[in-house]
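Each residue of the sequence shown is one higher than the last, beginning at 1 in the working numbering.
Take a look at the structure below.
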Amino acid sequence: MIIMKFGGTSTQDANAIQNVVQIVSSKLAQKPIVVISAIAQATNMLEQAGKLAAEGKAGEARDTLLKLFDRHYAIVDEIIRDRERHIELRKTIVTALHELEQLITGVSILRELTPRTLDAFCCYGELLSSRMVAAALEEQGIAAIWIDTKDFMVTDENFNRAMPLMEIVEERLTSIVPPLIEQGKTPVTQGFIGITRSGIRTTMGRESSDYSASIVGTALNAEDIQIWTDVDGVLTADPQVVISPKKIKSLTFEEAFDLSYFGAKVLHPNTMLPALEKKIPIHIYNSRRPELSGTLVTADTHSEEKVIKSVAYKRGMIVLTITPKKRYSQSIFWEHIYTILTRHDVVATMTATSEYSIAIALDGKNNISAIVHELGEIGLVQVLEHKGIVCVVGTNLRETSQLMERIFRSLSEFNVSAVSFGASKSSVAIVLDDAVVLDAVGKLHREFFETVHDEEKFEMLEHFHAQT
Ligand code: ADP
Ligand code: ASP
Ligand code: MG
1 MIIMKFGGTS
11 TQDANAIQNV
21 VQIVSSKLAQ
31 KPIVVISAIA
41 QATNMLEQAG
51 KLAAEGKAGE
61 ARDTLLKLFD
71 RHYAIVDEII
81 RDRERHIELR
91 KTIVTALHEL
101 EQLITGVSIL
111 RELTPRTLDA
121 FCCYGELLSS
131 RMVAAALEEQ
141 GIAAIWIDTK
151 DFMVTDENFN
161 RAMPLMEIVE
171 ERLTSIVPPL
181 IEQGKTPVTQ
191 GFIGITRSGI
201 RTTMGRESSD
211 YSASIVGTAL
221 NAEDIQIWTD
231 VDGVLTADPQ
241 VVISPKKIKS
251 LTFEEAFDLS
261 YFGAKVLHPN
271 TMLPALEKKI
281 PIHIYNSRRP
291 ELSGTLVTAD
301 THSEEKVIKS
311 VAYKRGMIVL
321 TITPKKRYSQ
331 SIFWEHIYTI
341 LTRHDVVATM
351 TATSEYSIAI
361 ALDGKNNISA
371 IVHELGEIGL
381 VQVLEHKGIV
391 CVVGTNLRET
401 SQLMERIFRS
411 LSEFNVSAVS
421 FGASKSSVAI
431 VLDDAVVLDA
441 VGKLHREFFE
451 TVHDEEKFEM
461 LEHFHAQT
């Protein structure tokens, strides 16, 4: 059994969906379970419709929906030839549109978009795309069976970033899926969305369909979790930022986690967590070039080798430095700080500490003023705005000689606000001004990869088309 997850660009139009059908049909012998993301931009548009409705702009919200639904109708009209199937699928889409229109009416009256209501909007992207892919597979004679995540992806009630209740998910999936596979069926389900125990739709965070694939794969003890996307695999840097990234042949779970945690969009960071538990390999493949070997993410081999593998970055950060007002014991001071962050449901992306002071890098989207206000009661807080993080990822970095020297030489013209080194053996993170982050990624990439020709670890991208 394998899991095949296809992202938004792999399902964005009729051609892309036909391509998904081709890829899935070539893997039937491996008994795939297909996990589908919303078509490209769908989640953004659904979110936008919800926000417009909350501003009382119901007309604009409806227009946004109609644009999105036109893309769905166009796909269905192009790929579904069977009359009954076509009527059925069109009906499903029309029903979804009506349900969303009712949501718009409700939200525009209340002028309020709660996290729970936002999830109610967003779940339609995946519900529809997965239906279309299932129908497209059936159209080609594949015995696809559409499964609603409401039957198994049970989560907590943390709307917008729900976490799965793994025991329940495993119990449900292991009773639903194996009999279908025995009958030669190909299950098709949704990424991103879940359901509370009381039956309310949730989502697990933006870009989390990769995570869904990993949850399903882990619950079912799959042989392989395949993430099919629009790049050849995990690259030595974001292809939108550097001109000639190379493909990395393999990464450890920890390296892949650090890389995605520090901004590499190609994988959602949570993807590695369930898979790591059962050591299920993850492959990242290009759906436009399925013949390529992709990148393998697998367990650490505990080898002694030292390899720099990639450079990631995160923008829009804020750094708070906090120095205690009075001489608390160090542990009490830190406990206060973490209690405040936890109360605000904020994750410190990176921290650097000295004996008494602490620097914390946070995503600027957080409610910084409320956090600063509370931190101000225990310490002197300095707010450094417009920051970003660059992160070098690799194997056994702590033992890599001259690593820090090479990093600082490459970044010598920039102000460094904080550094985190040593906590993870797979990454070094450096806080810089946001405005120089992309430049810094380019410089680090040049330093570590331009002259590296290690064919065992990296592959040149022959047909690389930079998307700008
Ligand atoms: P999907 O819709 O398939 O989930 P995403 O857009 O979420 O795809 O992720 C793929 C994108 O991640 C690539 O198109 C690329 O621009 C971006 N990306 C950022 N960093 C990296 C990296 N190090 N390696 C590969 N892709 C990266
Ligand atoms: N469709 C969702 C999003 O755009 C989930 C995903 O694509 O992974 O965030
Ligand atoms: Mg993605």
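The C-beta atom is built at its ideal place from N, Cα and C for all residues, glycine as well.
Extent of the continuous beta strand (DSSP E) run through residue i
i    : result
S310 : V307 to P324
K387 : G379 to T395
A370 : First-last for A370: I368 to L375, but that is the alpha helix (DSSP H), not the beta strand (DSSP E).
S250 : S250 to T252
T114 : No beta strand (DSSP E) contains T114, which DSSP labels as neither H nor E.
Three-way DSSP call (helix, strand, coil) for residue i in this model
i    : result
T339 : helix
Y261 : helix
G194 : strand
Q467 : Residue placement at Q467 is poorly supported in this model, since its pLDDT is 43, which falls under 50; the coordinates still yield a value, given next. It is coil, neither helix nor strand.
A429 : strand
D210 : helix
E450 : coil
L411 : coil
D345 : coil
Q333 : The sequence shown places Phe at residue 333, rather than the Gln named in the question. If DSSP states are grouped into helix, strand and coil, F333 belongs with the helices.
L235 : strand
S108 : helix
Q102 : helix
Q140 : coil
D439 : helix
R398 : helix
T11  : coil
R289 : coil
L267 : coil
E255 : helix
M1   : coil
R406 : helix
H302 : coil
V216 : helix
V94  : helix
Candidates the options: closest to residue i by CA position
i    : options                   : result
E255 : A361, L397 and L292       : L397
S198 : L28, V383, P178 and R116  : R116
Q140 : H453, Q22 and L296        : Q22
G56  : I340, R111 and K279       : R111
K249 : T236, R90, S427 and H373  : T236
V241 : I2, D439, I17 and A38     : D439
A275 : V416, Q330 and Y211       : Y211
Q296 : F333, D232, S369 and E305 : A small correction: the amino acid at residue 296 is Leu; Gln does not occupy that position in the sequence shown. Minimum Cα distance to L296 is reached at D232.
N160 : T186, D434 and R206       : R206
V234 : R201, I284 and G217       : I284
L273 : D230, K246, I225 and V307 : I225
S25  : H453, V188 and H302       : V188
D434 : D148, K314, P179 and A61  : K314
T252 : E355, S310 and A213       : S310
R201 : V416, N415 and V154       : V154
P178 : K67, A222, T395 and H373  : A222
T149 : F192, N158, M1 and A134   : F192
Per DSSP, cross-strand counterpart(s) of residue i
i    : result
N160 : According to DSSP, N160 bridges with nothing at all.
V133 : Note: V133 sits in no beta bridge, so no partner.
H283 : Q226 and L296
F6   : I36 and W228
P187 : I145
T202 : G194
V419 : I430
V154 : I195
M350 : A361
K470 : Outside the displayed span of the chain (1 to 468) sits residue 470, for which this structure offers no information.
N-terminal and C-terminal residue of the alpha helix (DSSP H) that residue i is part of
i    : result
T174 : M166 to E182
L276 : M272 to K278
Which residue spans inside the region 19 to 87 form an unbroken beta strand (DSSP E) run of at least 3? Within the region 19 to 87, the complete beta strand (DSSP E) segments at least 3 residues long are 32 to 36, listed from N- to C-terminus.
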